[in-house]
Amino acid sequence: MITPATVGCYTFTLTGTCIDDDGGTIVLSPTVEVCVQPQATQADITVDGISESEITICHSVVLSGNDNLQSGEIGCWYYDFQDQFIEITGENCVSNDLTVSLGDLYFEDCKEFTFYYEISNGGCTSTDEITVTFIGQDESVAIESHSDGSSYCTNSLYMNGSNIGCQSTTSDFSFTVLNAGDFATPPTNSGLGISTYATSTTFTFYE
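Just so we're aligned: 2 in this note's numbering is position 2 of the sequence shown, and the numbers increase by one with no gaps anywhere.
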């Protein structure tokens, strides 16, 4: 094994002498040229300046590639999936940053997507990857069972929050009555707790 000390092209010659049937000799000298390229900068994917290999988010994330590429290097983003509900900006070799978001019609919670960032200097490459898991819920938590300003003729009202979190994630949600001072006895709730998805609760009103 031959290990060149520096970057550059090297020519190697193998010389051999053969003796033919007539007693003569034939000298063979094949040559091969080997060029040693410099190593590419080690690819590193970061989120908010922190190196990440996997991340779980709600709705959108900006993945950043290296910002210290050497002369002659180029950084490219790529992935090997197709999903019409994922919106991607900055793919291929267009930008150092890749913005990945859920589309408005996305409905499959906790799905994983893997993205790759590759740096090439024309001869050598380095690659980093990150797995992004989308919870499938925007940052704003919605109350699904009732619309704002609704009126009901009852002293017991069931409230249901929108789903958030993956099956392996627990979340603690609470409901707050903003105008509790209008009641002689503030509304109380039952059933509030921790579950794999957003919780629900029933408020009982007392005049």
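All C-beta atoms in this analysis are idealised placements derived from N, C-alpha and C, irrespective of residue type, glycine included.
Asked                                                                                                                                                : Found
How many angstroms separate the CA atom of SER171 from the CA atom of CYS58?                                                                         : Note that SER171 has pLDDT 48, beneath the 50 cutoff, so the model's placement of it is unreliable and no number is given.
So, helix, strand or coil for ASN121, using DSSP?                                                                                                    : coil
I need the boundaries of the beta strand (DSSP E) containing GLY75, first residue and last residue.                                                  : 74-78
Mapping DSSP to helix, strand and coil, what is GLU91?                                                                                               : coil
Would you call PHE81 buried or exposed, if buried means 16 or more other Cβ atoms sit within 10 Å of its Cβ?                                         : exposed
Identify which residue in CYS110, GLY123 and GLU118 has its Cα closest to the Cα of ILE135.                                                          : CYS110
Relative to the alpha-carbon of CYS35, which residue among THR41, ILE55, GLU118 and VAL7 has its alpha-carbon at the smallest distance?              : VAL7
Based on the DSSP secondary-structure assignment, which residues constitute the bridge partners of GLY8?                                             : VAL36
Within its chain, find whatever has a CB closer than 6 Å to the CB of GLY16; leave out the 5 residues flanking it on each side and keep chain order. : LEU28
What does a CB cutoff of less than 7 Å around VAL32 pick up in its chain, not counting 5 residues either side in sequence?                           : PHE12
Buried or exposed for VAL94, please, with buried defined as at least 16 other CB atoms from any protein chain shown within 10 angstroms of its CB.   : exposed
Are the Cβ atoms of LEU98 and TRP77 separated by less than 8 Å?                                                                                      : yes
Which two residues bound the contiguous beta strand (DSSP E) that contains ASP97?                                                                    : 97-102
Using the beta-carbon count (16 or more within 10 Å), is LEU14 buried or exposed?                                                                    : exposed
Please tell me whether ILE45 and ASP128 are closer than 8 Å, where the distance is taken between their beta carbons.                                 : yes
Do you know offhand how far GLY24's Cα is from TYR10's?                                                                                              : 32 Å
The beta strand (DSSP E) with CYS110 in it runs from where to where?                                                                                 : Note, CYS110: premise wrong, no beta strand (DSSP E); not H, not E.
Apart from the five residues on each side of it in sequence, which residues of its chain come closer than 6 Å, Cβ to Cβ, to ILE88?                   : VAL100
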